[in-house]
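In this note's numbering, the protein residues as written are 170 to 307. Remarks on the structure that follows.
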């Protein structure tokens with residue numbers, strides 16, 4: 170049996186799942202680079218980490234709420250980004266892999282991936298174990 174490293178980088182298949190499933194964090198720097206973002210962001214003062222701890226955020230905003238609410242800059246015909254050259258840093262740092270693309274698919278199916286990881290962390294279960302279990306659902 171071939172064992173696949175679920176964390177290894179893979180090439181983007183341009184399926185658009187990441188742009189439909191994930192919430193994007195945006196900074197003032199992102200808005201300066203792409204002014205159209207200011208029409209779609211909302212401020213956020215704190216957010217929960219994967220381990221359920223509250224983290225204070227400064228000068229950060231949420232954009233593209235995820236969970237099936239696609240990014241407004243996603244071309245629904247071909248899954249291209251209308252603002253690719255000026256996209257937020259969060260999008261620039263995104264690296265497609267079996268795990269993140271699979272987790273996006275699960276989010277789109279209505280499975281609360283982050284909530285599941287947070288609950289597991291409270292029981293001292295590693296995120297890797299949770300991800301592997303979640304990906305077995307695909």
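The beta carbon of each residue, even a glycine, is placed where N, CA and C say it ideally should be. Please read these numbers as outputs of a predicted model, since none were measured by experiment.
DSSP three-state call for residue i: helix, strand or coil?
i: residue 250; result: strand
i: residue 203; result: coil
i: residue 297; result: helix
i: residue 306; result: coil
i: residue 219; result: Note on residue 219: pLDDT 47, under 50, position unreliable in the model; no value is reported.
i: residue 170; result: Because the pLDDT at residue 170 is just 40, under 50, the model does not fix this residue reliably, and the point stays unresolved.
For the alpha helix (DSSP H) containing residue i, name the first residue and the last one.
i: residue 259; result: 258-262
i: residue 285; result: 282-291
i: residue 186; result: 186-190
i: residue 240; result: Counting along the chain, residue 240 falls outside any alpha helix (DSSP H), and DSSP gives it neither H nor E.
i: residue 181; result: Here residue 181 belongs to no alpha helix (DSSP H), and DSSP marks it neither H nor E.
i: residue 268; result: 267-277
Tell me which residues share the same chain as residue i and place their Cβ nearer than 6 Å to its Cβ, disregarding the 5 neighbours each side in the sequence.
i: residue 202; result: 255
i: residue 295; result: none
Is residue i near residue j, with beta carbons less than 8 Å apart?
i: residue 193; j: residue 257; result: yes
i: residue 248; j: residue 183; result: yes
i: residue 268; j: residue 304; result: yes
i: residue 270; j: residue 186; result: yes
i: residue 230; j: residue 261; result: no
i: residue 190; j: residue 289; result: no
Considering just the uninterrupted stretch of the beta strand (DSSP E) at residue i, what are its terminal residues?
i: residue 196; result: 193-196
Give me, in chain order, the residues of the same chain whose beta-carbon lies closer than 8 Å to that of residue i; leave out the 5 immediate sequence neighbours on both sides.
i: residue 251; result: 242, 243, 244
By Cβ distance below 7 Å, which residues in the same chain neighbour residue i in space, the five residues on each side in sequence not counted?
i: residue 199; result: 206, 257, 258
i: residue 299; result: 285, 286, 289
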